[in-house]
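*Asks:* Below are the structure tokens for one structure; questions will follow.
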Amino acid sequence: MTLTAADRTVALSALLRSGSQAEHTAAESSSFMSELLAGGVDEAGYAHYLGLLRRVYEALEQVAWELSDDPIAAAVIDPAIERLAAIDADLAHWGRTDVASPAADAYVARIHETTGWGALFVAHHYTRYLGDLSGGQAIGRILTREFDLDGAGVAFYDFSAVSKPKLYKDAYRARLDALELDDSERARVLAEVKDVFRLNGGLFAELTGHLESYRR
Ligand code: HEM
């Protein structure tokens, strides 16, 4: 993949955002997500989703630890936004089930492959955590309303360790933009971000396959 002349001049954060818009739209419009946001998925379905995310964050946070001295990965790694403990707290509410998942297996394997070059890890980190700090906030509000929750079960969406998600995201983008990557490296990071969206799409596809049994 090569960058267009326009892509070569934009900041990395803008390149990643605009370059993955189509993939974002596809993820947003997956049947599982649409049903979840419409209140059509029951507790077992949400527990299944969270169980898959647990696999992803366990790998992300393990690799973050392994890459803590990597100068590129260090631009994004931040224990304050890690999600594994929050997911475990939520699973205690929804019920934990370990479901076999080829899609999660593939996603986790790919995360572990990023240890060779910190910028690939940045692509994985950006796609999950910036998403959680963005649209994820709306998902948390919808779950709270649909399941009449009083705070239990939605720790995943709670970033109170970060003062304001908007300011955090701005600072995060500034750190991305300060990375010194050449054009082919930027193109490689964008390609990885697109693949990360597809890997998330793989999780949604599995979940969609179970939608009938999760209707509420
Ligand atoms: C129904 C599900 C989703 C909704 C409603 C949603 C909504 C949004 C919204 C409104 C924003 C823009 C926030 C802003 O301008 O700051 C955003 C950003 C983002 N979302 Fe999502 N999203 C969803 C699913 C996903 C998924 C599944 C992923 C990836 C796994 C994802 C990754 C991202 C990323 C990386 C950003 C940041 C883009 C950037 O500013 O660079 N989103 N999302």
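The sequence shown begins at 2 in the working numbering and counts up one residue at a time. Every residue gets a Cβ at the ideal spot worked out from N, C-alpha and C, and that includes glycine.
(1) Locate the alpha helix (DSSP H) running through H126, then write down its first and last residues.
(2) Going by CA-CA distance only, name the one from S135, I140 and T128 that's closest to Y47.
(3) Threshold first: 3 residues or longer. Then list the beta strand (DSSP E) segments lying entirely within the stretch 85–147, N to C.
(4) Which one or two residues does DSSP pair with V42 in a beta bridge?
(5) With hydrogens ignored, establish whether the beta-carbon of I140 is closer than 7 Å to any heavy atom of the ligand HEM.
(6) Relative to the alpha-carbon of I73, which residue among V190, L208 and A206 has its alpha-carbon at the smallest distance?
(7) Using the beta-carbon count (16 or more within 10 Å), is E181 buried or exposed?
(8) Beta carbon of L131, beta carbon of K165: below 8 Å?
(9) Here's the rule: buried if 16 or more other CB atoms are within 10 angstroms of the residue's CB, otherwise exposed. What is E193?
(10) Under the rule that 16 or more other beta-carbon atoms within 10 Å means buried, what is R84, buried or exposed?
*Replies:* In brief:
(1) G119 to H126
(2) I140
(3) Listed in chain order, there is nothing to give.
(4) R216, per the DSSP bridge assignment.
(5) yes
(6) Cα-wise, what sits closest to I73 is V190.
(7) Exposed is the call here.
(8) no
(9) buried
(10) buried
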